[in-house]
Amino acid sequence: MPNSDQLKQLSESLEGTLLYDDLHKTLYATDASAYRIMPVAVALPKTNEDIVKLIRFAEKHKISLTPRTAGTSLAGQTVGDGIIVDVSKHFTNIVSFDSEKKTITVQPGVIRDELNLYLKPYSLFFGPNTSTSSRCMIGGMVGNNSSGTTSIRYGVTRDKIVEIKAVLSDGTQLVFGELTSAEFIEKTKGNSLENSIYRKLFEELSVSVTQEEIKKEFPKPEIHRRNTGYAVDILLKSDLFSGNEPTINVGKLLCGSEGTLAFTTEVTLKVDDLPPTNNVMVVAHFHSIQESLEAVVTAMKHHLYTCEMMDDTILNCTKTNREQAKNRFFIQGDPKAVIMMEVASYLSMEDAEQQANALIADLENNNFGYALPKIYGADIDKINELRKAGLGLLGSIVGDDKAADSIEDTAVELSDLPNYIADFSAMMKKHGQDAIYYAHAGAGEIHLRPILNLKTKDGLYQFRAIATEVAILVKKYRGSLSGEHGDGIVRGEFLPFMIGDKNYELLKRIKLAFDPNSVLNIGKIVNALKMDENLRFEAGRIEPEIKTIQDFSDSLGILRAAEKCNGSGDCRKPTSAGGTMCPSYKATRNEKDTTRARANALREYLTHSEKENKFNHKELYEVFELCISCKACASECPSNVDVASLKSEFLYQYQKANGFSIRNKIFAHNAKLNKLGSIVPEITNFIVNQSFVKKAMGIASKREVPLLAAKSFRKWYEANKPQSEKRGFPNGKVYLFCDEFTNYYDVQVGIDAFELLTKLGYEVLVVDHEESGRAYISKGFLEEAKAIANKNVSIFAAIVSGDIPLIGIEPSAILTFRDEYIRLADDKESAEELAKNVFTVEEFFKNEIARNKIHSGQFSNAEMQIKIHGHCHQKSLSSVEATFAMLNLPTNNKVTIYNSGCCGMAGSFGYETEHYEISMQMGEDTLFPKIRTTDEAAFIAAAGTSCRHQIFDGTSRKAQHPVTILRKCLK
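Numbering (our numbering), first residue to last: 136 to 1106.
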């Protein structure tokens, strides 16, 4: 193994980056599989020459290079003990495009969905569509021969390969493309490694006995989704090897080879015409898995574009996921399984409707399904998003019993599918298992997952035993053990059995021809590592007991909360994919700044640290530093990994050991300091905005510290309360939470809320209570936050009810009652009961509009254009749609919601000197450009005080709170 001096020399020679600190090695030790292997280093190459240098370094030091893009591999392909080469950072260019030939050349780090955004104006798209398409990259799709939901109509990645540009194991750069037989023979002549490869392929595959062995042992040719070993059976189609095709393309052999034969630097792909936009989805509901699969055989006689399955385990997981709960609207009753079948037409919607009706009639005539609803338009997209979230949703299962990756990728001929699943279910019953079934039913591939506890020796035993029995079962049907996820580690050692010893030895010889010095992704496909070693969890380990101040019992402790991350990488989606998660990753494009990295790092150190305080690691501080606690992951992560809660606990535990900085103390105690400062606000405002004061406090010089109001809202309320008490209030009472931001900074917003509610017939009550504790939570001062939570719960639990709710103006403050207080309060039962009657002011208005207590007649008919930017906590814990409903009430208001991510301010984060630039970069990600193109006459609504400040600093536009805007609309 190379030493640190040798790694340093390598680092200095690269245009890209070489990382070999403990944190980055830890982050790249896992992917989305069950495996954990600590690498020597992580490389982020910028050029092909960097890759050549890395290969030669690996050869010299006898270590392996493992290519990696998004790291969503499920079979362990992208982990290894050598150098992990991550091309997702710099190899992201579209190199060329030929619209006439319908081909496009890309680097391996191009994201599948972004490629299709590029192609859309040309009415073209790249067909293979994985559930990870928002972040998976072409290099990974080529490495795995990915398929996805559209394979029944558009084929698999291998079908799209035109050329692959790659670096061989000796550093040679060349192109693998389509050749005539004569051109192939010509390449066998010479002494280069390329010549040697072509010569070896010709020698091996020209032997008739070898050809017959391949045809006999490889999966049935009717099974299109197949990744069993190297695709030598595809090469037999050439007339060189007794086939009937006049050309041959070794690039198709590289596709599915998992980076074990060559290092891909460019891929040229065939693309297809966009699918028809006239489409209908039929969602068939079934009482049993077996019935659903028998129905698939009937359904596939129709011209389907997709045919996907989900069982009740995944459907039940959607109930507890904030984002996907919205997408389960189509479920009728309590199905054991649903099949989602999409028909489409280039002709007309009427034709698509006729196809759907014919499909339904066929299913009904065969007594399949108890409900067969038809879905249209945007609702189809919602269902597809729910289906795509399947893998991540499985991570949300609470406890150590998890859906294990081992048998999840089997494929059989469609006509064999019902019998295969019947045999599989009987086998699972023998093991006491009720497995999970989902995915590509129409292609004969069901993602099957047993529920196993790999922390136990029994779970580890079953991991291998079930995998072995499934291999035997798949072989019985001459299926493929891997349909699209690859062999990797988890299936590699079964290859001799699946394709026969002779064919396996052939694969080993081909690997040797391509990689004579064993450099490229060693331990995958051939000479594979054992499938039950190098796992994330050590079987039989003593589970660490981690004491926390917050209550993580909903996940059975903080360690299991971190372990819910299964690596699906939803947090790596780019800006174009929409949503907010994860602002820091979108700004840096570094793995370190993903939700996944934070969960993985916390899991790693809580599990393996030998320190008494397992949180006390600078590596954890580094990985959490750019987390802005936006809480997008709490809703957008399908596994429900709430990193904001993990971060606040980490900061508390870490600072207990290392002390609380002066700046953190100032920000955390902000409300108390503002109470003192508001005695003489003019003097306070002058002092805190002096450059030397900001420098001393670590506040960015380009920021203006928010100004204290001349009078606090609470003082204004006390002065105006007697006037309000003289009125009648037909709509009853509400308690208004006087948060610390409204009280000292945004007093006019508080006045607007008070006067708006009062004029609409509500008695607004402000009682004596504590601040929200938001600043304490953000900075990890959890003892203080806990005391506040206990006090506020005690105060409001006694007076708040369904008839008299508590409403709040600042989202980050009022939503602590529904989120952090549940983890912090000693009286959890009271906290949970109170949370049911706590609302943002926008939610309150939406509810009252629905009850017709507030109506459009109370507002003017003046025209007003309004653009809404949602606060991150609103989007995660509440809904921006409530703001829309509130502002859209006046008849002539024209209201739209910005499709924007995080503004980037995040409380004190954007004020801190070292975070100013990245804070502004987050704003530039989506929000600032949209605001700059917004009509000057339009009102910009932003509920968050931080959002309003950031919008002004980034665009010089003044945003207003929704209550301020709605107050202007009153008659």
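Note that beta-carbon positions come from the ideal geometry of N, C-alpha and C, so glycine has one too.
The structure presented is a predicted model; accordingly, all values stated were derived computationally and were not measured.
Can you have a look at residue i and say buried or exposed, based on whether 16 or more other CB atoms are within 10 angstroms of its CB?
{"i": "Met136", "result": "exposed"}
{"i": "Lys699", "result": "buried"}
{"i": "Lys195", "result": "exposed"}
{"i": "Ala600", "result": "exposed"}
{"i": "His743", "result": "exposed"}
{"i": "Thr285", "result": "buried"}
{"i": "Val935", "result": "buried"}
{"i": "Phe821", "result": "exposed"}
{"i": "Glu235", "result": "exposed"}
{"i": "Ala970", "result": "buried"}
{"i": "Tyr572", "result": "buried"}
{"i": "Gly1005", "result": "buried"}
{"i": "Val1068", "result": "The amino acid at residue 1068 is misidentified as Val; the sequence shows Thr. Exposed: under 16 other Cβ atoms inside 10 Å."}
{"i": "Val869", "result": "buried"}
{"i": "Ile818", "result": "exposed"}
{"i": "Pro679", "result": "exposed"}
{"i": "Ser341", "result": "exposed"}
Excluding the 5 residues preceding and the 5 following residue i in the sequence, name in chain order all residues of the same chain whose CB lies nearer than 8 Å to its CB.
{"i": "Pro243", "result": "Pro202, Thr204, Val222, Phe226, Met272, Ile273, Gly274, Gly275, Val277, Thr399, Thr400, Glu401, Val402"}
{"i": "Asp777", "result": "Ala696, Lys766, Cys768, Ala769"}
{"i": "Ser199", "result": "Ala193, Gly215, Asp216, Gly217, Ile218, Ser653, Val654, Leu655, Asn656, Ile657, Gly658"}
{"i": "Asn701", "result": "Ala167, Leu526, Gly527, Leu529, Gly530, Lys537, Ser774"}
{"i": "Ile299", "result": "Val277, Val310, Phe311, Gly312, Gly386, Leu389, Cys390, Ala397, Thr399, Glu401, Val402, Thr403"}
{"i": "Pro82", "result": "Residue coverage of the chain in this structure runs from 136 to 1106, which leaves residue 82 outside it and unanswerable."}
{"i": "Ser1035", "result": "His1004, Gly1005, Thr1061, Leu1062, Lys1065"}
Our contact map puts residue i next to residue j with C-beta atoms below 8 Å; I'd like the distance itself, whole angstroms only.
{"i": "Ala1078", "j": "Gln1009", "result": "6 Å"}
{"i": "Ser1043", "j": "Gly915", "result": "In fact, because the Cβ distance is near 12 Å, the residues do not count as touching under 8 Å."}
{"i": "Pro940", "j": "Met1021", "result": "Rounded, the Cβ-Cβ distance is 15 Å, inconsistent with contact."}
{"i": "Ser265", "j": "Gly283", "result": "Here residue 265 turns out to be Thr, not Ser, going by the sequence shown. Confirmed, about 4 Å."}
{"i": "Phe261", "j": "Leu250", "result": "5 Å"}
{"i": "Ser813", "j": "Tyr879", "result": "6 Å"}
{"i": "Leu664", "j": "Ile624", "result": "5 Å"}
{"i": "Ile912", "j": "Ala920", "result": "5 Å"}
{"i": "Lys181", "j": "Gly151", "result": "4 Å"}
For residue i, which residues from the same chain have a beta carbon less than 6 Å from its beta carbon, with the 5 sequence-adjacent residues on both sides left out?
{"i": "Met476", "result": "Val417, Ala434, Leu439, Cys442"}
{"i": "Ala1017", "result": "Glu977, Glu978, Lys981"}
{"i": "Asp248", "result": "Ser268, Ser269"}
{"i": "Thr683", "result": "Ile693, Glu784"}
{"i": "Asn279", "result": "Gly621"}
{"i": "Gly325", "result": "none"}
Taking 7 Å as the limit between beta carbons, can you name the residues of its chain near residue i, skipping five residues before and five after?
{"i": "Lys1107", "result": "Examination of residue 1107 is not possible in this model, given that the chain is present from 136 through 1106 alone."}
{"i": "Ala539", "result": "Ala169, Arg584, Pro585, Leu587, Leu589, Phe598"}
{"i": "Ala736", "result": "Leu158, Thr161, Leu162, Glu754, Leu755, Val758"}
{"i": "Lys372", "result": "Gly378, Glu380"}
{"i": "Ala426", "result": "With the sequence shown as reference, residue 426 is identified as Glu, and Ala is not the correct amino acid for it. Excluding residues within five positions, the ones whose Cβ falls inside 7 Å are Phe503."}
{"i": "Arg953", "result": "Ala970, Val973, Leu1012"}
{"i": "Thr780", "result": "Note on residue identity: the sequence assigns Ser, not Thr, to residue 780. Once the five neighbours on either side are set aside, the close Cβ partners of Ser780 are Gln685, Arg958."}
Can you confirm whether the stretch 201-218 touches the stretch 164-182 when touching is taken to mean that 3 or more C-beta pairs between the two stretches lie within less than 8 Å? yes
Could you give the uninterrupted runs of the alpha helix (DSSP H) lying entirely in the stretch 1026-1096, keeping only those of 4 residues or more? 1051-1060, 1062-1067, 1080-1090
Of all the beta strand (DSSP E) runs that stay within the bounds of the stretch 403-446, which reach a length of 3 or more residues? 413-421, 441-446
For the stretch 542-549 against the stretch 503-517, are there 3 or more C-beta pairs whose distance is under 8 Å? no
4 or more residues per run - each alpha helix (DSSP H) lying fully within the stretch 941-1005: 946-949, 955-959, 963-970, 976-985
Can you check the stretch 500-581 for any alpha helix (DSSP H) of at least 4 residues that lies completely inside it and give the ranges in chain order? 513-523, 525-529, 552-565
Does the stretch 681-689 come close enough to the stretch 955-967 to have 3 or more Cβ pairs within less than 8 Å? yes
Specify whether the stretch 799-807 and the stretch 746-756 touch according to this definition: at least 3 beta carbon pairs, one from each stretch, less than 8 Å apart. no
Are the stretch 407-422 and the stretch 353-362 in contact at 8 Å, needing three or more beta carbon pairs? no
With three or more C-beta pairs closer than 8 Å as the rule, is the stretch 446-459 touching the stretch 490-500? no
For the stretch 1080-1087 against the stretch 1027-1043, are there 3 or more C-beta pairs whose distance is under 8 Å? yes
Cβ pair count under 8 Å reaching 3, the stretch 603-610 against the stretch 306-322: no
Taking contact to mean at least 3 C-beta pairs separated by less than 8 Å, is the stretch 291-304 in contact with the stretch 476-491? no
At least 3 beta-carbon pairs within less than 8 Å: the stretch 333-353 vs the stretch 631-644: yes
So does the stretch 988-1003 actually touch the stretch 1023-1030, counting three or more Cβ pairs closer than 8 Å? yes
Scan the stretch 698-765 and note each continuous alpha helix (DSSP H) run of 4 residues or more that stays entirely inside, going in chain order. 718-723, 730-743, 753-759
Could you give the uninterrupted runs of the beta strand (DSSP E) lying entirely in the stretch 771-802, keeping only those of 3 residues or more? Listed in chain order, nothing qualifies, since the stretch 771-802 has no complete beta strand (DSSP E) run of 3 or more residues.
At 4 residues or longer, what runs of the alpha helix (DSSP H) sit wholly inside the stretch 209-282? 247-254, 273-279
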